[in-house]
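Colleague:
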Amino acid sequence: MPLGSRPLTNGQIEFIRRWIEAGAPEKGKVVDEKVLEDSSVTYPKFEPLTPPVVGKGMQLTLPLFEIAPNFERELFMYRQANNANPLLVNRIEIKMRAGSHHFILYTFGSNTPTNIIPKFDIIRDLRQPNGNLNFATAISMGYHVFWAGTQTPYMNYTFPEGTALEMSPNMAFDMNAHYVNKGIFPIPGEVSINLHTVPESEVKNKVKVINWGNTSINLPANQRTTISRTFRVNKRTRIVALTSHMHKLGEKFVIKIAGGTRNGAIVYSTDDWEHPTFTNFTPPITLNSGEGLISEITYNNTTNRIVNFGLTSEDEMGIIFGYYYED
């Protein structure tokens with residue numbers, strides 16, 4: 048079902064099954080409507096990812112949690128990776144239960160005050176059950192550094208050959224899950240993450256993370272608005288992968304090159320806010336000093352209110368995520 052929609056009940060599923068078995072006629076009644084009285088909901092069993100082969104990666108988990116009816120639950124859990132030595136990750140798998148808006152692995156910046164670093168293995172909700180903000184959790188988000196993430200229920204991403212993302216020794220991740228439940232029943236959430244590694248001999252370039260976002264979003268009610276933002280680099284940069292992040296009012300996300308002989312060239316485009324593509328570039332996109340990328344996002348605000356940047360699915364965002372290395 049579309050994100051946030053109510054799941055089909057067991058009665059509705061059975062009604063459709065019997066209708067199909069009867070030949071799916073366009074007219075007439077071929078199914079007893081009493082089956083619709085079964086309003087229970089059954090969720091498919093979640094099968095975690097098979098862990099990587101020993102010595103070739105690790106598995107992390109965000110254990111089972113619950114999302115209340117008619118509620119958006121965004122939570123964090125700070126967990127240790129328990130890697131004594133540095134690792135080079137060239138493939139990332141993420142699998143989530145249905146109902147997810149996104150899952151992100153964050154680290155904390157070097158400027159993070161000691162009292163902001165959370166305790167390990169404790170769920171921290173962004174919102175209280177009544178919807179009010181948990182300020183301590185919100186403050187910690189200001190020190191986050193994006194590391195990896197997805198908006199799809201299953202992601203299996205491999206970096207271009209010869210590149211990998213480095214994990215420093217004793218690394219820890221702030222796991223961030225965002226689920227939307229517009230139904231009348233609680234739903235379960237859970238995430239399984241595999242980080243596949245390669246030996247250093249196979250890595251020519253260690254990549255860094257792109258996290259270029261625009262918080263200046265103001266969308267007038269009942270109209271389309273296109274917002275552009277330019278992000279420039281100050282040294283030669285090789286971009287190996289790009290993806291996008293917007294919410295449900297986003298109709299199209301285009302990334303263009305800014306400056307140089309390819310000024311205005313489109314390098315990425317998607318019209319799917321829920322499951323944006325994650326595109327590798329071989330060879331990489333080369334940006335010289337002073338050049339950059341432009342995010343050009345068209346939003347269609349079909350609501351009767353002004354919509355601004357925000358953290359819920361009812362607000363909007365516009366972020367370029369990706370990976371790069373420098374010469």
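When we follow this note's numbering, the leftmost residue of the sequence shown carries the number 48, and every step to the right adds one.
Idealized CB from N, CA, C, for every residue including glycine.
Given a cut-off of 8 Å, decide if residue 168 and residue 184 are closer than it, judged by their beta-carbon atoms.
Modeller: Contact: no.
Colleague: Taking the CB atoms as reference points, tell me whether residue 353 and residue 277 lie closer together than 8 Å.
Modeller: Not a contact, by the Cβ cut-off of 8 Å.
Colleague: Counting only runs that start and end within the stretch 186-235, where is the beta strand (DSSP E) found for 3 or more residues in a row?
Modeller: Qualifying beta strand (DSSP E) stretches, in chain order: 191-197, 201-205, 210-214, 219-228.
Colleague: For residue 142, which residues does DSSP report across the bridge?
Modeller: In the DSSP output, where bridge partners are listed per residue, residue 142 has 201, 239.
Colleague: Here's a check: name, in chain order, each residue in its chain whose Cβ is nearer than 8 Å to the Cβ of residue 84, leaving out the five neighbours to either side.
Modeller: Excluding sequence neighbours, residue 84 sits near 58.
Colleague: Less than 8 Å between the C-beta atoms of residue 252 and residue 209, yes or no?
Modeller: Against a cut-off of 8 Å, the Cβ pair of residue 209 and residue 252 comes out as a contact.
Colleague: Taking three-plus beta-carbon pairs below 8 Å as touching, is the stretch 347-364 in contact with the stretch 228-245?
Modeller: With the cut-off at 8 Å, the stretch 347-364 and the stretch 228-245 do not touch.
Colleague: For residue 204, collect the residues of the same chain with a Cβ closer than 6 Å to its Cβ; drop the 5 residues on either side in sequence, then sort them by chain order.
Modeller: 139, 325, listed in sequence order.
Colleague: What residues are listed by DSSP as bridge partners for residue 270?
Modeller: Paired residue(s): 348.
Colleague: With residue 219 and residue 131 assumed to form a contact (beta carbons below 8 Å), what rounded beta-carbon distance in angstroms separates them?
Modeller: Going by Cβ atoms, the distance from residue 219 to residue 131 rounds to 13 Å, so no, they are not a contact pair.
Colleague: Please classify residue 72 as buried or exposed, where buried requires at least 16 neighbouring CB atoms within 10 angstroms.
Modeller: Exposed, because fewer than 16 other Cβ atoms sit within 10 Å of the Cβ of residue 72.
Colleague: Quickly, what does DSSP pair residue 106 with across the bridge? List them, please.
Modeller: According to DSSP, residue 106 bridges with 241.
Colleague: Determine the direct distance from the alpha carbon of residue 135 to that of residue 378, and round the result to whole angstroms.
Modeller: Lying before the first or after the last residue shown, residue 378 is absent from the chain, which here runs from 48 to 374.
Colleague: Along the alpha helix (DSSP H) that carries residue 58, what are the first and last residues, could you check?
Modeller: Here the alpha helix (DSSP H) through residue 58 covers 57-68.
Colleague: Given a cut-off of 8 Å on the beta-carbon distance, is the pair residue 272 and residue 266 in contact?
Modeller: Going by C-beta atoms, residue 272 is nearer than 8 Å to residue 266.
Colleague: State the Cα-Cα distance for the pair residue 249 and residue 133, rounded to the nearest angstrom.
Modeller: Looking at the two C-alpha atoms, the distance is approximately 15 Å.
Colleague: Using 10 angstroms around the beta-carbon of residue 318, count the other beta-carbons present and answer buried if the total reaches 16, otherwise exposed.
Modeller: Flag for residue 318 reads exposed.
Colleague: Just the Cα atoms here: how many angstroms apart are residue 110 and residue 330?
Modeller: In a straight line, the C-alpha of residue 110 is about 38 Å away from that of residue 330.
Colleague: Between which two residues does the beta strand (DSSP E) carrying residue 252 extend?
Modeller: 252-260 is the extent of the beta strand (DSSP E) around residue 252.
Colleague: Under three-state DSSP, which class holds residue 147?
Modeller: Residue 147 falls in the strand class under three-state DSSP.
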